[in-house]
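So the sequence lines, in the order shown, correspond to chains G and Y. Sequential numbering of the first sequence, starting at 166, is according to the numbering used here. Sequential numbering of the second sequence, starting at 166, is according to the numbering used here. Don't be surprised by glycine CBs; every beta carbon is placed ideally from N, CA and C. Working notes for the structure below.
Number of protein chains: 2
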Amino acid sequence: MEPIDVFKALSNKTRLNILQWLKEPEKHFPKQGAHLPKEVSYKGGVCVGDIQEKAEVSQSTVSHYLNMMQKAGLLESVRYGQWTYYRRNEEAIRQFAEFLKTEI
Amino acid sequence: MEPIDVFKALSNKTRLNILQWLKEPEKHFPKQGAHLPKEVSYKGGVCVGDIQEKAEVSQSTVSHYLNMMQKAGLLESVRYGQWTYYRRNEEAIRQFAEFLKTEI
DNA sequence: ATTATATATCGACTTTTTTCGATATGTCAA
DNA sequence: TTGACATATCGAAAAAAGTCGATATATAAT
Numbered sequence: 166m167e168p169i170d171v172f173k174a175l176s177n178k179t180r181l182n183i184l185q186w187l188k189e190p191e192k193h194f195p196k197q198g199a200h201l202p203k204e205v206s207y208k209g210g211v212c213v214g215d216i217q218e219k220a221e222v223s224q225s226t227v228s229h230y231l232n233m234m235q236k237a238g239l240l241e242s243v244r245y246g247q248w249t250y251y252r253r254n255e256e257a258i259r260q261f262a263e264f265l266k267t268e269i
Numbered sequence: 166m167e168p169i170d171v172f173k174a175l176s177n178k179t180r181l182n183i184l185q186w187l188k189e190p191e192k193h194f195p196k197q198g199a200h201l202p203k204e205v206s207y208k209g210g211v212c213v214g215d216i217q218e219k220a221e222v223s224q225s226t227v228s229h230y231l232n233m234m235q236k237a238g239l240l241e242s243v244r245y246g247q248w249t250y251y252r253r254n255e256e257a258i259r260q261f262a263e264f265l266k267t268e269i
């Protein structure tokens, strides 16, 4: 987890929003998991399409953003059927906040 | 203090270094304050020239960087004679770390 | 097999950031 | 008041990031 990459990932309004939305998925993505039966629904994850709709950018852009955030360590993903679910990597985020507090 | 501006300011290796160097000025800028008599030396501040030398970028670039970091709220400056001294704005940095921990 | 849907990747164009040298401004010393 | 030095600002060129539509890939449904 390179701090510079995390700072870059967060220095964009839309990506920052996405990270914050994913803190409370059920609040910001009420339709979430419509595709999946509850028993397999990916805990806290939201599919790309739902994020795209909310973020109001093109499909390719949101896909690019999510990939970038995952590479930075902020998100993790799971593919379920044709959907990819993204959720926060809370442990990495916590570590980053800790790094900021102590090293910066 | 706009979080996005802070993230942008920190998403560059040189600027991140500067912020960290200024955490321990006497360690990273041993010649610091050579210009000033001790009794007026700006507590914890380092002049642009010393920062430039250590950062190894051009004078205009370091000036631009420092201005950007100040606008983001990370640094504050005082002019003393022909020198400008920059130091960390610890309160703003603390607030930012707190924001990151609770809001991100 | 074909079609439909979700996501990823590609290629291109636009915008922003990086970075510099040149110049301007402000201050000090002779 | 002239010359030297520190810093700031300007203008430009190069590099990187943002962003899109088109296309590829993978899965699901018919």
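C-alpha gap between residue i and residue j, whole angstroms
{"i": "Q235(Y)", "j": "G210(G)", "result": "38 Å"}
{"i": "C212(G)", "j": "E263(G)", "result": "29 Å"}
{"i": "K188(G)", "j": "L184(Y)", "result": "29 Å"}
{"i": "E216(Y)", "j": "R244(Y)", "result": "Reading off the sequence shown, one finds Ile at residue 216(Y), where the question assumed Glu. About 15 Å."}
{"i": "P195(G)", "j": "G214(G)", "result": "13 Å"}
{"i": "V227(G)", "j": "W248(Y)", "result": "46 Å"}
{"i": "I258(G)", "j": "R252(G)", "result": "12 Å"}
{"i": "P190(G)", "j": "E218(G)", "result": "14 Å"}
{"i": "M165(Y)", "j": "E256(G)", "result": "This structure does not reach residue 165(Y), given that chain Y is present from 166 up to 269, and the question cannot be answered."}
Short Cβ contact (8 Å threshold) for residue i with residue j
{"i": "A174(G)", "j": "L231(G)", "result": "no"}
{"i": "E241(G)", "j": "N254(G)", "result": "yes"}
{"i": "L265(G)", "j": "I169(Y)", "result": "no"}
{"i": "S176(Y)", "j": "S176(G)", "result": "yes"}
{"i": "A237(G)", "j": "V171(G)", "result": "yes"}
Per DSSP, the bridge partner or partners of residue i
{"i": "L240(Y)", "result": "R253(Y)"}
{"i": "V211(G)", "result": "Y251(G)"}
{"i": "Y245(Y)", "result": "W248(Y)"}
Closer than 7 Å: residue i CB and nearest the ligand FMN heavy atom
{"i": "S242(G)", "result": "Ligands are entirely absent from the displayed structure, and the ligand FMN is therefore not among its contents."}
Same chain only: Cβ atoms within 8 Å of residue i, ignoring 5 sequence neighbours per side
{"i": "N222(Y)", "result": "First, the residue type needs correcting, since residue 222(Y) is Val and not Asn in the sequence shown. These residues qualify, in order along the chain: T179 and Y230."}
{"i": "Q260(G)", "result": "M166"}
{"i": "Y250(Y)", "result": "Y207, G210, V211, C212, S242, V243 and R244"}
Own chain, CB closer than 6 Å to residue i, minus 5 neighbours either side, in chain order
{"i": "H193(G)", "result": "W186"}
{"i": "E204(Y)", "result": "Note that E204(Y) scores 39 on pLDDT, short of 50, meaning its location in the model is unreliable and no value can be drawn from it."}
Sequence-distant residues of its chain with Cβ nearer than 7 Å to residue i (five each side left out)
{"i": "G246(G)", "result": "none"}
Open item on the list: Along the region 167-190 of chain Y, where does the CB come closer than 9 Å to a CB of chain G? Name the residues.
Closed with: Answer set for the region 167-190 of chain Y: P168, I169, D170, V171, F172, K173, A174, L175, S176, N177, K178, L181, L184, Q185 and K188.
Open item on the list: Along the region 238-260 of chain G, where does the CB come closer than 8 Å to a CB of chain Y? Name the residues.
Closed with: I258
Task: Contact list for the region 210-225 of chain G against chain Y, Cβ threshold 9 Å - done: none
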